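Trainee: Numbering (this note's numbering), first residue to last: 19 to 108.
Positions of the beta carbon are idealized from the N, C-alpha and C atoms, including for glycine.
Just so we're clear, the structure is a prediction, and the values are computed from it rather than from any experiment.
(1) So what's residue 19 in DSSP terms, helix, strand or just coil?
(2) Considering just the uninterrupted stretch of the alpha helix (DSSP H) at residue 89, what are its terminal residues?
(3) By how many angstroms is the C-alpha of residue 49 removed from the C-alpha of residue 86?
(4) Could you check where the alpha helix (DSSP H) with residue 53 kicks off and where it finishes?
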């Protein structure tokens, strides 16, 4: 019975994935964009672009981690307050 259910979902996923591949054709579109816009650029511009994207990724990740740390601290403080209030009421 489990094999039948597993086969059903695998075939459903395969058909849906094939439909999306035919409909969207993301791989060929991205390769086409690269060939049209990036490949003709000089290597120096490509290098500057890679460094720029690297900075954006690194500093964006650092900013995201800082925000998540602040959120974690706020949630921990709220949880601690609720914990101590419930302990004092008992």
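Mentor: With the given structure in hand:
(1) coil
(2) 61 to 107
(3) 35 angstroms
(4) It is not in any alpha helix (DSSP H) - residue 53 carries neither H nor E in the DSSP assignment.
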